[in-house]
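A.B. asks: One structure, as structure tokens, below. Some questions next.
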Amino acid sequence: MPETPELIAETIVQEFSEFGDDWTLKYEFLMEQAIHLEPFPDTYRLDAFLIPGCQSQVWLAVERTENRYHFFADSDALITKGMIALLLRVVQDQTAAAISATSFDYITKIGFHNQLSPTRANGLRSMIQRIKQTVV
Amino acid sequence: MPETPELIAETIVQEFSEFGDDWTLKYEFLMEQAIHLEPFPDTYRLDAFLIPGCQSQVWLAVERTENRYHFFADSDALITKGMIALLLRVVQDQTAAAISATSFDYITKIGFHNQLSPTRANGLRSMIQRIKQTVV
Amino acid sequence: MASINDIRAAFPYFSQGPGATGYVYLDNAATTQKPFAVLEAMNQFYIHSCANIHRGVHRLSQSASIAFEDARGTTAQYFGVNNPQQIIFTSGATESINLLAQGLAKSHLKPGDSIMLSVLEHHANFLPWQEWAHAHQGTLKTLPLTSDFEIHWPELESHFKSGIALLSITAVSNTLGIRLPLEQIINMAKRYGVPVCIDAAQLAAHQYMNLDTLQPDFLVCSAHKLYGPTGTGILYLAPSWLNSLPISKTGGGAISKVSWEKTEYVDGALRYEAGTPNIAGVLGFAAALKKLQQWDLATCEKHEQQCLNYLEQQLIQIPEIIVYAQGKPKIGSLSFNVKGHHAFDVGSFLDRYQIAVRTGHHCTQPLMTHLNVSGTIRVSVGIYTSQDDINAFINALKKTLVHLLKYHA
Amino acid sequence: MASINDIRAAFPYFSQGPGATGYVYLDNAATTQKPFAVLEAMNQFYIHSCANIHRGVHRLSQSASIAFEDARGTTAQYFGVNNPQQIIFTSGATESINLLAQGLAKSHLKPGDSIMLSVLEHHANFLPWQEWAHAHQGTLKTLPLTSDFEIHWPELESHFKSGIALLSITAVSNTLGIRLPLEQIINMAKRYGVPVCIDAAQLAAHQYMNLDTLQPDFLVCSAHKLYGPTGTGILYLAPSWLNSLPISKTGGGAISKVSWEKTEYVDGALRYEAGTPNIAGVLGFAAALKKLQQWDLATCEKHEQQCLNYLEQQLIQIPEIIVYAQGKPKIGSLSFNVKGHHAFDVGSFLDRYQIAVRTGHHCTQPLMTHLNVSGTIRVSVGIYTSQDDINAFINALKKTLVHLLKYHA
Ligand SMILES: Cc1ncc(COP(=O)(O)O)c(C=O)c1O
Ligand SMILES: Cc1ncc(COP(=O)(O)O)c(C=O)c1O
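Chains as they are written, first to last, in the working numbering: chain A, 1 to 136; chain B, 137 to 272; chain C, 273 to 681; chain D, 682 to 1090.
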């Protein structure tokens, strides 16, 4: 059983705080998150699993075991892939209730609030929306 | 035979200069011009003789005798009627050549340049245009 | 709550513009003056985050996009709309109605259908429907009004029964200032499944509206009549029309996928906002709406009402004056004429006496025909109009009459 | 003639905006920064003669109307058009094309007709025609271009012979920066009586155009890409179309007479400008055009060219870079990619390194399909772009590559 989303988010904030204001380190760390993302199953690489409204392509698929949700995701852009990896870390294998209640404020705390902008370039908002929708 | 348009225009400028900056006197004088306008023949009170683009209705008709043009005009607004009376004074019974060459700069000189604005409210521009068109 | 003086202090018109020399602006139904805050919002955008929106990865584009979507939120909130996506930014009320008419023409309206309008409509809410009717053998029906501009309810109901494809009406007449009973009209229309479009170009500047409560199908207005910039307006869509109204303007930004053969459009407001919007205009509009909320439009409304009542009281004491819709409650505007004299003459003299009013048909020629006049003189107030302004107007009018009454028309 | 420093001094971007802290704006094809003169023209209007135009008898309306028509004159002159009535003000290039497409759909275009576009088109000059084609069984043909983006003249001629109802093409690709040979295309089109619409949204900001000489049938552009305000654009009509293009937007101001049954429209530009136009926007646009003339756009063009050439020279020395349309002359924009990396990643890093570029499909998805890429990184210059800006960009790009090349995509 994973830690609660709150605890994981706190850990993430902790990890990023070590880089202070150095955005290059933050970006490098973000891209490493992407590298460590579980491989995306080829069976899900279909248009139906694409998230609309991102400049890069983002796939998101989910599998349910008992009352927990396991996500797979991928993107052709590294930064985007890193972002979605950060999102998945907190919701991975959680219950519907926990996922619905998850706050993504930590994105702002770690200094990526720009990525939450309503521009359709990055689509972080759409990703969060899709994650929440898949469990209702 | 009337005086040349230039001379008449000069007279008009002269007349208005007596009022100095007193716009109330100018407006009163303008409206008197309207009163002295030759009656508009009922036979011309037709849509075909209406000038488009004025907030008030303006009729303009012309009769040609030999090589001179005689204008009739009317309006339901006094100020407009005064303005067109001022226009007709200079072109009345002139030749086509004289009318075509007429400058209406005196309107500016007597302080009514506002009336020359491209707003469609007063249509002074349209009147001048129509006068010039009727003789070509 | 703010005093008239506080409000006037917020408008450069009174300190730096024509108002500084005593020129009185009573043409607010045509367009309003703009507060400093609106000019600042636009200048700030142009100086600090001038960028195109919604497609840029760089910070200027991102902050402009955030500001733009915040402005959508502000606008939605101002109009009592919970979902900002229902607010579509356009270039003005006229474009809003044209987009709507063209969208409805593609699916909802069928050849031969009837559209109902009132005799009060501004040409903006008349010509697009007339165009449609001409092209599709449609019929324009008239909202049944008594000679006193009250709704004839049984007649309206029988029209609804016999089938109306759309009712599109102004909330307030821009010429007479009278308000239609939208709430009751919409209620009855809903019972018969008739969609209703409200032209709020005038009302929105004078009265708070709550669209989630009022529940029209469509609503339009222009920012420039609401203390905002020119070139900006909104088209409000009820939830049931959002994403289902056919698109009538296409271009960049509204799409999710384009190929030579086929295009897919996005959902939400962006679907209808093809092309670069008037970004600065939208930000200026939101700044205006915030100001109106800060000053509390409901308080301003009462004050405007007093000005208009006082004006009407003064006018009816002058025997040569005909006030239209006399005695009826008015919002924003009042129209009158001087017996036997042309509105243009009256307006020209008033301008010389330092008063701006509008004269003419006010883009409501069907109403002029109905009233059997060629035009009127319209006085229209704004949130900064003072009783002194009305007194100045009445004085100027009296002086004007001295000139004009020497002449019979 | 003005130096780059003179020009930069005229833009608040460099003294008060992001440029003051060294942020380099290379997204000019999306929108340009605005000179002080543009903001001043708008503020002056709002403060000193804020009024609606063309229908008012009072002095504010008159001076606003004069200013508006003067702006039409300035714009006409800028585009080498003798008759200002041929310039119709719209809310932007997108609205211009939509108005045109809807107008042509009413009379000129017949079901089954063919419209020819290039593969370079921005969605704004693609979707309105695609919409029309879908609704009217029309065909979209492709301007025949070689793999090197040169016109295949014999093929074009045979298309013209077989009947094309309209050719609508961009003057300059907003993605690749390459320019189509408009003069020769229009000449050939005229021989076969094919009307031509030019999308000058990009070209107009970089090169003087003389439309009385070029003689397209239609031309569109947006003010905001020409150092002017958002929410403003033009639709140019050739003399033969003025008054004969059917009206596709109706409302106040465009009419001469309205009755419940029938409406007559005025002649000239106002015919197509229903509703309150973006008055401040138009005045700001004219201020921008005056500045461009003062600085002499022809001189600026040469300078921009040098910047772009220098940029391309630098880029092709970096092995991981693919420059599109490499070696071809470019106007305003250049697109590239980093092999194996997503444009979004490159753009995100560049932004962190203080450089604004655009990444993505640039609203040219058909071209992306043609190039077989999902997007590009586009660098686009303006009259204030300096060689230092290009150097800063190249430095930032090199640093970006250090990050990215650690990872294979
Ligand atoms: C009632 C009404 N509807 C529509 C309009 C059109 O607004 P705009 O000219 O801003 O598009 C106006 C403005 O004159 C109006 O008063
Ligand atoms: C070539 C081209 N055409 C049309 C447009 C559309 O311009 P706007 O978004 O200002 O309407 C653009 C701008 O992105 C463009 O680059």
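The beta-carbon is built from N, C-alpha and C at its ideal position, and this holds for glycine as well.
1. Label A/Leu25 either buried or exposed according to how many other C-beta atoms from any shown protein chain fall within 10 Å of its C-beta, with 16 as the threshold for buried.
2. Can you find a C-beta in chain D that's less than 8 angstroms from the C-beta of A/Trp23?
3. Any contact of the stretch 290 to 300 of chain C with the stretch 652 to 668 of chain C, i.e. 3+ C-beta pairs under 8 angstroms?
4. Whole angstroms are fine: how far does the CA of C/Val610 sit from the CA of B/Phe165?
5. Compare the C-alpha of D/Leu964 against each of D/Ser839, D/Tyr727, D/Tyr1034 and name the closest.
6. So B/Ser262 contacts chain C; which residues on that side make the cut at Cβ distance below 8 angstroms?
7. Rounded to whole angstroms, what is the Cα-Cα separation between D/Val853 and C/Asn482?
8. With a threshold of 16 other CB atoms inside 10 Å of the CB of B/Ile267, please say whether the residue is buried or exposed.
9. Please classify D/Asp687 as buried or exposed, where buried requires at least 16 other C-beta atoms within 10 Å of its C-beta.
10. With hydrogens ignored, establish whether the beta-carbon of A/Gly123 is closer than 7 angstroms to any heavy atom of ligand 1.
11. Just to confirm the assignment: which complete alpha helix (DSSP H) runs, minimum length 4, are found wholly within the stretch 301 to 369 of chain C?
12. Distance, Cα to Cα, C/Asp660 vs C/Asn581?
13. Keeping to the same chain, check which residues put their C-beta closer than 6 angstroms to that of C/Gly553; ignore five residues upstream and five downstream.
14. Given the structure, does C/Asp471 come close to ligand 1, in the sense that its CB is under 7 angstroms from one of the ligand's heavy atoms?
15. Does the Cβ-Cβ distance between D/Ile778 and D/Val901 come in under 8 angstroms?
16. At a cut-off of 7 angstroms, would you count C/Asn315 as near ligand 1, judging by its Cβ distance to the nearest heavy atom?
17. Counting only Cβ-Cβ distances shorter than 8 angstroms, please list the residues of the stretch 720 to 748 of chain D near chain C, keeping chain order.
18. Taking only three categories from DSSP, how would you classify C/Val530?
19. Considering only residues of the stretch 639 to 663 of chain C, which uninterrupted beta strand (DSSP E) runs meet the minimum length of 3 residues and lie entirely inside it, listed in chain order?
20. If we define contact as Cβ-Cβ less than 8 angstroms, is B/Glu164 a contact residue for chain C?
21. Bridge partners of C/Leu509, per DSSP?
22. Give the residues of chain B in contact with C/Gly612, contact being defined as C-beta atoms less than 7 angstroms apart.
23. Should C/Cys635 be counted as a contact of ligand 1 given a C-beta to heavy atom distance under 7 angstroms?
24. Is it the case that the CB of D/Asn959 approaches a heavy atom of ligand 2 more closely than 7 angstroms?
25. Any beta-carbon of chain C closer than 8 angstroms to the one on D/Cys878?
26. Please list, in chain order, all residues of the same chain as A/Val135 whose beta carbon is under 7 angstroms from its beta carbon, the five residues on each side excluded.
27. With three or more beta-carbon pairs closer than 8 angstroms as the criterion, would you say the stretch 924 to 934 of chain D touches the stretch 828 to 848 of chain D?
28. Following the continuous beta strand (DSSP E) through C/Asp471, name the residue where it begins and the one where it ends.
29. If you measure beta-carbon to beta-carbon, which residues of the stretch 70 to 98 of chain A are closer than 7 angstroms to chain D?
30. I'd like to know whether the C-beta atoms of C/Asp617 and B/Leu222 end up nearer to each other than 8 angstroms.
31. Decide if C/Trp404 is buried, meaning its Cβ has at least 16 other Cβ atoms within 10 Å, or exposed.
32. What is the residue span of the beta strand (DSSP E) that D/Gly1041 lies within?
33. Helix, strand or coil: which one does DSSP assign to D/Asp687?
34. Taking the alpha carbon of B/Gln320 as the point to measure from, which residue in B/Asn203, B/Thr201, B/Ala209 has its own alpha carbon closest?
35. Looking at ligand 1, does it come within less than 7 angstroms of C/Asn397, judged from the CB to the closest heavy atom?
36. My parser needs the alpha helix (DSSP H) runs of 4 or more residues fully inside the stretch 554 to 634 of chain C; what are they?
C.D. replies: Let me spell this out:
1. exposed
2. yes
3. yes
4. 21 angstroms
5. D/Tyr727
6. Those do not exist, as B/Ser262 stays about 14 angstroms from chain C at its closest Cβ, beyond 8 angstroms.
7. 47 angstroms
8. buried
9. exposed
10. no
11. 308 to 320, 331 to 350
12. 14 angstroms
13. Pro501, Gly503, Thr504
14. yes
15. yes
16. no
17. Leu720, Met723, Asn724, Tyr727, Ile728, His729, Ser730, Cys731, Ala732, Asn733, Arg736, Gly737, Val738, His739, Arg740, Leu741, Ser742
18. strand
19. 648 to 652
20. yes
21. C/Phe490
22. None at all; the shortest Cβ gap to chain B is about 10 angstroms.
23. yes
24. no
25. no
26. Tyr69, Ala96, Ile99, Ser100
27. no
28. 468 to 471
29. Asp76, Ala77, Leu78, Ile79, Thr80
30. no
31. buried
32. 1039 to 1041
33. helix
34. Shown here, chain B extends from 137 to 272; a query on residue 320 of chain B therefore has no answer.
35. yes
36. 569 to 587, 615 to 624
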